[in-house]
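Have a look at the structure below before the remarks.
Numbering (my numbering), first residue to last: 6 to 163.
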């Protein structure tokens with residue numbers, strides 16, 4: 006098993022979303038809250054910041070080019086297709102494994118602000134799986150989230 010220092014080193018960088026699923030805590034039923042074609046990126050910086058962006062493709066474009074003049078329906082539709090947050094993170098050892106703690110300092114969802122959310126982390130080469138430590142509600146169902154990511158390789162031309 007890796008040390009906490011080694012695990013932290015492996016986290017650093019950008020990760021592309023592979024799959025986001027919600028598992029019903031009572032029935033075990035698996036759903037994909039942002040669809041099976043969800044897209045996203047998760048970034049961990051060496052100075053302790055995390056930034057997460059997930060999107061369900063298919064949000065209708067706004068009727069105009071001025072975001073400040075979008076209708077309530079357009080804004081609501083955009084929010085239902087996107088999730089984002091940013092803040093400090095830290096890693097801790099728990100029961101022989103590792104847990105990431107994400108501090109919600111900026112969030113699309115106002116009720117997440119100031120919260121700390123835990124995710125159990127499993128790393129296997131360039132693949133990572135994050136499983137929520139606590140359940141939450143999705144469409145009225147109590148679920149636990151499971152998100153799979155793949156490490157993004159840096160472009161050679163930067």
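The C-beta atom is built at its ideal place from N, Cα and C for all residues, glycine as well.
- Exclusion of the five residues before and after residue 94 leaves 49, 53, 54, 55, 105, 106, 107 and 108 as the residues of its chain whose Cβ lies within less than 8 Å of its Cβ.
- Here residue 155 carries a strand assignment [DSSP, helix/strand/coil].
- The three-state reading of DSSP puts residue 58 in strand, counting E and B together.
- Taking a cut-off of 8 Å on C-beta distances, the stretch 147 to 162 touches the stretch 129 to 139, as three or more cross pairs fall below it.
- Between residue 113 and residue 89 a beta carbon distance of about 5 Å is seen, short of the 8 Å cut, so the two are scored as contacting.
- Inter-segment contact for the stretch 7 to 20 and the stretch 118 to 125 is absent: fewer than three beta-carbon pairs are separated by less than 8 Å.
- In the DSSP assignment, residue 108 forms a beta bridge with 121.
- A residue is called buried once 16 or more other Cβ atoms fall within 10 Å of its Cβ, and residue 61 is buried on that count.
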